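A quick write-up on the structure given underneath.
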Amino acid sequence: MKVFRWCLAALMLLAMLVLLPRASYADIVEIPLNAKTGVAPQASGYLSATEYEDPSIHVSIGTGRMFDNEYMYARVKIANASQLRTAMSGSFRSSSEAGVTALAKNAKAVVAINGDFFNEGGNKLGYVVRQGEEYRKNLKPYNKTGHYFDVLLIDDQGDFTIIQDCNDEKLKQFTGVVVNSFTFGPALVVDGEMQTEFVDMNNGVYKNGKPVRARRMVIAQTGPLEYLMLTTNGPEDAPDKKGLTIPELAEVIASFEDVQNAYVLDGGTSAQLVFQQTNKKGQLEYVKMNALKNSKVRSVRDILYFSCAYQP
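Here this note's numbering runs 4 ahead of the position in the sequence shown, where the first position is 1.
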């Protein structure tokens, strides 16, 4: 009888081990806000040169073409909001800059893009929060016409809120917990609605920047803990790459039907999408996915990145 019970217990234990999911909740961690890096990605998670997956994150990279111009996008799904993170090249008041690839490597990112170059410019305007720490709150008109920047807020649930023409009164109405914020824009999609009013009729320019074609960078939310990053080619890559205007960019990002909120980050030579690929030596290294071989790129002061949170 004892032997029978022992065998039955052993069979039950074996069945439990077979039926256990690939990863338990204990394997997926919450990364502290003040952590300098995310969790290092698993080498086995790189399924191809354009896809990564582990129990905490899935990244897939694709390409498309609109307005006679190429674009590249990365879809990201994460397990918890702590995996959406930012990193700076130095202290907030530092003038230090670094390549997006270097910052991505230091942060142990799975995928990364440039941020909004938060401390560039003489007027030092905007609302800057990085990893839960508020660095600047200077919401004033950016020109004589009285227009304000559109501001992107990312809260502790990983959700996006875009405040258009953001001033102090509008910001006070937000009741969530801001983890990261960006002051660049403009907003392209707000609560599922594609925006069309980008031009300041008083001076004929976009809300942020000149009405020119350029290489662009967009960050968007497509669902709970699901995101889309999109970047376009432009004259920074080659003379025959014309780039996109802001209205054209809005149409491109809105062509992805699940986009809920979409926001423009720094463009031109700053716009870089970084992912790891296997080099000739068989080693993983961070590479600029969207930049052609002879593309012009610049160093930046901040990145937005997605981290692995899986610890086997």
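Glycine included, C-beta positions come from ideal geometry on N, C-alpha and C. Small disclaimer: the values here were computed from a predicted structure and weren't measured.
Counting the other CB atoms within 10 Å of its CB gives Gln-276 a total of 16 or more, which places it among the buried residues. Per the coordinates, the alpha-carbon of Arg-134 lies some 32 Å from the alpha-carbon of Gly-68. Between Ile-307 and Met-233, the C-beta spacing is not below 8 Å. Look at the region 81-108 and you find no whole run of alpha helix (DSSP H) that is 4 residues long or longer.
In this structure the region 224-244 does not lie against the region 91-99, because fewer than three pairs of beta carbons, one per stretch, are closer than 8 Å. Short of 6 Å from the beta carbon of Gln-168, and not among the five residues preceding or following it, lie these beta carbons of its own chain, in chain order: Asp-154 and Ala-191.
Contact between the region 177-192 and the region 278-295 is absent, with fewer than three C-beta pairs closer than 8 Å. Taking C-alpha positions only, Asp-31 is separated from Ile-65 by approximately 26 Å. With fewer than 16 other Cβ atoms from the protein chains shown falling within 10 Å of its own Cβ, Asn-142 counts as exposed. By the Cβ criterion, the region 222-232 is in contact with the region 154-166, since at least three pairs of Cβ atoms, one from each stretch, lie closer than 8 Å. Beta-bridge pairing by DSSP links Asp-159 to Val-182. Beta-bridge pairing by DSSP links Lys-292 to Val-278. Per DSSP, Asp-172 is one residue of the alpha helix (DSSP H) stretching across 172-176. Ser-100 counts as exposed, since fewer than 16 other beta carbons sit within 10 angstroms of its beta carbon. In the assembly as shown, Thr-179 is an exposed residue. Its beta-carbon has fewer than 16 other beta-carbons within 10 Å. In the structure shown, Val-216 adopts coil according to DSSP, grouped into three states. Annotation for Glu-74: Asn-237 place their beta carbon closer than 6 Å to its own, counting only its chain and skipping 5 residues before and after. Between the C-alpha atoms of Tyr-50 and Val-301 there is a straight-line separation of about 26 Å.
Rounded to the nearest whole angstrom, the CA to CA distance from Asn-84 to Ser-311 is 10 Å. The bridge partners DSSP lists for His-151 come to none. Between Lys-128 and Asn-294, the alpha-carbon positions lie close to 29 Å from each other. According to the DSSP assignment, Glu-138 belongs to the beta strand (DSSP E) that extends over 137-142. For Leu-308, the uninterrupted beta strand (DSSP E) run begins and ends at 306-311, by DSSP. Judged by beta-carbon spacing, Ala-102 lies beyond the 8 Å limit of Ser-274, meaning their Cβ atoms are not closer than that value. With 16 or more other CB atoms across the displayed protein chains lying within 10 angstroms of its CB, Glu-240 is buried. Residue range 250-258 is occupied by the alpha helix (DSSP H) that includes Leu-253, with no beta strand (DSSP E) assigned at that position.
Closest option to Thr-249, judged by alpha-carbon separation, among Phe-279, Ala-106 and Pro-215: Pro-215. With distances taken between CA atoms, Val-43 lies nearest to Ser-60 out of Ser-60, Glu-55 and Val-194.
Each residue's CA atom was taken as its position, placing Asn-123 and Glu-261 some 34 Å apart. Inter-residue distance for Arg-219 and Thr-105 is about 18 Å (C-alpha atoms, whole angstroms). In the structure shown, Asn-73 adopts extended strand secondary structure according to DSSP, grouped into three states.
Here DSSP, grouped into helix, strand and coil, assigns Asn-118 to strand. Closest by C-alpha distance to Gln-199, out of Lys-174, Lys-144, Val-263 and Val-278, is Val-263.
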